[in-house]
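Numbering (UniProt numbering), first residue to last: 1 to 163.
In this text, a Cβ means the ideal position worked out from N, Cα and C, and glycines have one as well.
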């Protein structure tokens with residue numbers, strides 16, 4: 001675990017911004033696996049992956065969206081600053097989405113909290129998850145966005161020791 005956690009998280013990108021392909025890390029092979037292709041015209045609004053050394057309510061690593069100008073690639077490691085999270089619930093329980101900005105992209109570096117972003121961007125991200133899950137006949141609800149302070153609390157609770 002990095003000494004700067006939770007102020008900086010190490011995100012393993014599974015799905016690049018703009019993709020409809022849903023990749024997931026396969027721990028058995030140590031590779032990214034194509035899980036499915038989204039069945040609608042929606043696409044990921046940001047790079048999407050998970051924070052290393054975390055565990056969410058659903059038993060998986062904490063989900064993270066990284067706002068970035070150009071998409072990276074599955075398996076890319078991005079150091080990012082958490083700025084907020086979207087509280088969501090699906091058929092498995094809590095399914096929160098942390099929103100972060102990459103340390104390596106100067107266009108996003110000064111952002112400290114999600115409320116500095118255009119509300120339309122937050123709406124786009126929230127609607128993406130609500131739309132794609134509902135089109136797959138999954139139950140999903142959103143309880144809205146939380147600021148960076150609450151996000152740090154959420155990440156601290158989700159922290160697990162390094163292997």
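{"Query": "Through-space distance from residue 75 to residue 23, alpha-carbon basis", "Result": "10 Å"}
{"Query": "Beta-carbon contacts of residue 163 that lie in its chain and below 6 Å, excluding the five residues immediately before and after", "Result": "Summary for residue 163: the model assigns pLDDT 43, below 50, so the residue's position carries little reliability; its value from the coordinates is reported in the next sentence. Nothing listed; no residue qualifies."}
{"Query": "Cβ-heavy atom distance, residue 131 to the ligand PLP, below 6 Å", "Result": "Judged by which ligands are present, the structure shown has none, so any question about the ligand PLP falls away."}
{"Query": "Environment of residue 73 [buried if 16+ CB atoms lie within 10 Å]", "Result": "exposed"}
{"Query": "With 16 other Cβ atoms within 10 Å as the buried cut-off, status of residue 63", "Result": "buried"}
{"Query": "Under 7 Å between C-beta atoms of residue 81 and residue 101", "Result": "yes"}
{"Query": "Limits of the unbroken alpha helix (DSSP H) element including residue 153", "Result": "148 to 158"}
{"Query": "Three-state secondary structure (DSSP) of residue 131", "Result": "helix"}
{"Query": "Three-state secondary structure (DSSP) of residue 6", "Result": "coil"}
{"Query": "C-alpha distance - residue 113 paired with residue 67, whole-angstrom precision", "Result": "13 Å"}
{"Query": "Exposure of residue 153, with buried meaning 16 or more beta-carbon neighbours within 10 Å", "Result": "exposed"}
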